[in-house]
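Engineer:
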Amino acid sequence: MSFKETWTLAHSAQCKLQLAVSRPDRNWRFVVGHAVHLDSLMLRIVQMEEEIVQSDQSTEVKFKGADNVQMCGGLPHHSPKGGRSRTRSPPPPERLDSSSEEEEGEADEDEEEGLSLTRFPSGSARPPQPPPLDPSDDSSSSDEEEELLATLVEPDPALLKSITKEKGNEGLANVYNSIKNCRCHKSHAPSINNIWELPQEANSEKEGNVRTAVVEIQV
1 MSFKETWTLA
11 HSAQCKLQLA
21 VSRPDRNWRF
31 VVGHAVHLDS
41 LMLRIVQMEE
51 EIVQSDQSTE
61 VKFKGADNVQ
71 MCGGLPHHSP
81 KGGRSRTRSP
91 PPPERLDSSS
101 EEEEGEADED
111 EEEGLSLTRF
121 PSGSARPPQP
131 PPLDPSDDSS
141 SSDEEEELLA
151 TLVEPDPALL
161 KSITKEKGNE
171 GLANVYNSIK
181 NCRCHKSHAP
191 SINNIWELPQ
201 EANSEKEGNV
211 RTAVVEIQV
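Numbered continuously in the UniProt record's numbering, the sequence shown closes out at residue 219.
Below, the structure written as structure tokens:
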């Protein structure tokens, strides 16, 4: 799952949590489920940000040589900071016998054979990462939708005709207008002219569980 998809899921979980908390007849099972889902998404976002930072740091590793060191005769020689350096005549070469030269040559070969390149892991060992979240793994939302559909009943036409003659519910209208253009929805919800709340005993088989309303959509 990409970073953008994780952010989208986190935003949707936050919206659902706010709606579940703001309901007067809130269901704490749904509130806790949305809160846990939001926490897991935020934790995954933090882990993905750390992985991105560590990946950027590993690509910026460079080796820089010392600018003030020069190699002279195979030995490091520091150049003076100012003025001219005096030229000294090299000392007369010492005469070495053939046996000493052969021993030094064999020692150099042994040292070269002992040298090797070793690759070290960049960064310290990290704890095992949790499995990626599945975008379709939203059990709390699916349970909530199934429970709502199971409790809804079709209202009486005579009741609909009578309540639509009354004044609409401004509180429900404000809630609808505040979330209808939220980016967590796949498409924008239609604009409405008015909204009427159905009586509790007429819109649900389980009293106190849901609130159902009838809306007049702008054409």
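The C-beta atom is built at its ideal place from N, Cα and C for all residues, glycine as well.
1) Excluding the five sequence neighbours on either side, which residues of its own chain have a C-beta within less than 7 Å of the C-beta of residue 34, listed in chain order?
2) Measure how close the beta-carbons of residue 10 and residue 38 come, nearest whole angstrom, since I'm counting them as under 8 Å.
3) Taking DSSP as the reference, what is the three-state secondary structure of residue 253?
4) Name the two residues that bound the continuous beta strand (DSSP E) containing residue 194.
5) Around the Cβ of residue 28, are there at least 16 other Cβ atoms within 10 angstroms (buried) or fewer (exposed)?
6) May I have a chain-ordered list of the alpha helix (DSSP H) segments no shorter than 4 residues that lie completely inside the stretch 1–35?
7) Could you check which residue in 55, 166, 191, 167 has the C-alpha nearest to that of residue 178?
8) DSSP state of residue 161, grouped into three classes?
9) If you draw a straight line from the C-alpha of residue 163 to the C-alpha of residue 26, how long is it?
10) Can you look up residue 168 in the DSSP assignment and give me helix, strand or coil?
11) Do residue 195 and residue 159 come within 7 Å of each other at the CB atom, strictly closer than that value?
12) Looking only at C-alpha atoms, which of 31, 4, 23 sits nearest to residue 175?
13) In its own chain, which residues sit with a C-beta less than 8 Å from the C-beta of residue 169, not counting the 5 before and 5 after it?
14) How long is the line joining the alpha carbons of residue 199 and residue 156, rounded to whole angstroms?
15) Using DSSP with H/G/I as helix, E/B as strand and the rest coil, what is residue 49?
Structural biologist: According to the data block:
1) 13, 16, 17, 20, 140
2) 6 Å
3) Because the chain is modelled from 1 through 219, residue 253 falls outside the range shown and cannot be assessed.
4) 192–197
5) exposed
6) 3–22
7) 191
8) helix
9) 25 Å
10) coil
11) no
12) 23
13) 195, 196, 197, 213
14) 11 Å
15) helix
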